[in-house]
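Colleague: In terms of the numbering used here, the sequence shown opens at residue 1 and continues consecutively.
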Amino acid sequence: MEASVNPSRNQHTLAVSCEVHGQGYWTGKYVRVAIHPASTNTGIRFVRTDLEEPNQCDASVEFREEASLRTNLQNGKVHLQMVEHLMSALSALEIDNCIIEIDGEELPALDGSSLGYAQALSEAGLIIQAAEKRRLVIQETIRIERGSSWVQVSPALHGETYFEYRLSFDDATPIDSQTFGINLTPDRFLREVASARTFVTADQAAEIRSQGIAGHVTNQDLLVIGEDGPIENSYRFTDECARHKTLDLIGDLALSGVEFIGRVISYRGGHILNGQVAERLCEMAREQQTIDIERFSNTHQHVTNLRKVM
Ligand SMILES: [Zn+2]
C-alpha cells in the first residue's frame, strides 16, 4: 500500500435535515423518514417516533437480526426492517452522524434502489465536524465462507476502498452471471450504484405473492426478472443485479461503523454472510485500536526514558 494513505478523516453530518417517505415492501405501511444532523460520535441512530421511549436503535451490527432478503435491526421492542439501502447511501456519502426519525417499522422501498435516499442526503449537504473518523487499514487477507458463498477482505493495492460482487446462480435462472466492482467514492456511488434496484426472479415473486406478502408491490416497484428480462420494466444497467448486490454489500458492512481501506470481494454473498463480515470488521477495528494504543504508550514510555537520561 502507498505510504500516502491517510487512515483518518474528519467526521461528517448533514448540513440540514431531509425527508424521504414511501411504502415498505414487506409491511406495505406508508412511512415518513426524517434524517437530522447529529453531534460528533453519535453514529447513525434510528428513533421510532410511533413508539413510546425507549424507542431508539443504533445502526450497529450488535442489533442486527437474522432475516432473509433484507437487513433488519432489533433493540428490545424497537424493530426496524430493510435498513440496508439507506445505510448504503449514508456510508457511501460518508455521513457518520445522524438521527433518523421513522414513524413505522420498515423503511420505504422507493424504487428498490438507494437513489431516493442518496438524492435527499446529497441535497441536504454535508458539514465537516471537529472529530476524527479513523479508517481501518486492512493488513491481511481473510475469507469468510457460508456454504458455497464467500467474502474476501484483503489489503488495498493503492489506498482504495474497493467493493466487488460476483453474481452467479446454480440453478437455471434468467439472470446471467455478472461481476461488478468499484473503487468507492461518493460521486461514483451516485453515478454507478445508487440507482441499481432490488431484483427477484419471476418464480421468487410468485412464491412471495402466494404467501400473501407484498401484494401491493408491482413490477414497476422493483425488477421482476423473467425469461426475457425484466417484466413490465427495463434494466438501468446491463449488470444492474450485480450493482444492486454491491449496494447491499456496502449497506450491510456499514453496520460495522467501520470505514476501511482495502478490498472486499463477495462471491454470491447475501445479507447473512455480509453481517458476519461486518462483525469481523468490528473485531479488526478493535484490534487495530489496541495496537495503536500500545504504540502510543510505547512512545510515551520512550519519551519518559529519554527525560530520565537528560
Ligand atoms: Zn437490496
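C-beta atoms are modelled at their ideal positions from N, C-alpha and C, and glycine is treated no differently.
Does the distance from the CB of Val16 to the CB of Pro108 come in under 8 Å?
Modeller: Position 16 of the sequence shown, counting from 1, holds the residue named residue 16. Position 108 of the sequence shown, counting from 1, holds the residue named residue 108. Going by C-beta atoms, Val16 is not nearer than 8 Å to Pro108.
Colleague: Pairing CB atoms from the region 177-196 with CB atoms from the region 283-299, are three or more of them under 8 Å?
Modeller: At 8 Å Cβ cutoff, the stretches do not touch.
Colleague: May I ask whether a heavy atom of ligand 1 can be found less than 7 Å away from the beta carbon of His12?
Modeller: The residue labelled residue 12 in the question sits at position 12 within the sequence shown. The answer is no for His12.
Colleague: Starting from the C-beta of Glu52, find all residues in its chain whose C-beta is less than 8 Å away, skip the five residues before and the five after it, and write them out in chain order.
Modeller: Counting from 1 along the sequence shown, the entry for residue 52 is found at position 52. Taken in chain order, the list of residues that qualify is empty.
Colleague: Does the distance between the C-beta of Leu247 and the nearest non-hydrogen atom of ligand 1 fall short of 7 Å?
Modeller: To locate residue 247, count along the sequence shown from 1; it is residue 247. Because some heavy atom of ligand 1 lies under 7 Å away, the Cβ of Leu247 counts as near it: yes.
Colleague: Counting Cβ pairs closer than 8 Å, one from the region 230-245 and one from the region 99-108, do we hit at least three?
Modeller: No, the region 230-245 does not touch the region 99-108.
Colleague: For ligand 1, is there any heavy atom lying closer than 7 Å to the beta carbon of Glu84?
Modeller: Counting from 1 along the sequence shown, the entry for residue 84 is found at position 84. Yes, since a heavy atom of ligand 1 falls inside the 7 Å radius drawn around the Cβ of Glu84.
Colleague: Quick one: what's got a C-beta closer than 6 Å to Val264's C-beta in the same chain, skipping five residues either side?
Modeller: Numbered from 1 along the sequence shown, position 264 holds the residue referred to as residue 264. Counting only Cβ-Cβ distances below 6 Å, and skipping sequence neighbours, we find Val153, Phe163.
Colleague: What three-state label does DSSP hand Asp292 in the structure shown?
Modeller: The sequence position of residue 292 within the sequence shown is 292, counting from 1. In this structure, Asp292 counts as helix in the three-state DSSP scheme.
Colleague: Is Tyr117 helix, strand or coil by DSSP?
Modeller: Position 117 of the sequence shown holds residue 117. In this structure, Tyr117 counts as helix in the three-state DSSP scheme.
Colleague: Buried or exposed for Glu259, going by 16 or more other Cβ atoms inside 10 Å?
Modeller: Within the sequence shown, numbered from 1, the residue matching residue 259 stands at position 259. Counting Cβ neighbours within 10 Å, Glu259 comes out buried, since at least 16 surround it.
Colleague: Just curious, the beta strand (DSSP E) that Pro7 is in, first and last residue?
Modeller: Sequence index remark: in the sequence shown, residue 7 carries index 7 (1-based). Neither: Pro7 is in no beta strand (DSSP E) and is coded neither H nor E.
Colleague: Does DSSP classify Pro230 as helix, strand or coil?
Modeller: Looking up residue 230 in the sequence shown gives position 230. Note: Pro230 maps to strand in three-state DSSP.
Colleague: Might you give, ordered along the chain, the residues of its own chain that have their beta carbon closer than 8 Å to the beta carbon of Ile127, omitting 5 neighbours on each side?
Modeller: For the purposes of this step, residue 127 is taken as the residue at position 127 of the sequence shown. Correct list, in chain order: His12, Thr13, Leu14, Ala15, Pro37.
Colleague: Please determine, among Ala285, His271, Leu253, Glu279, the residue with the shortest C-alpha to C-alpha distance to Ala92.
Modeller: If you number the sequence shown from 1, residue 92 lands on position 92. Nearest of Ala285, His271, Leu253, Glu279 to Ala92, Cα basis: Leu253.
Colleague: Taking the alpha carbon of Pro174 as the reference point, which residue from His85, Asp58, Thr201 has its own alpha carbon closest?
Modeller: Position 174 of the sequence shown, counted from the first residue, corresponds to residue 174. The shortest Cα separation from Pro174 among His85, Asp58, Thr201 belongs to Thr201.
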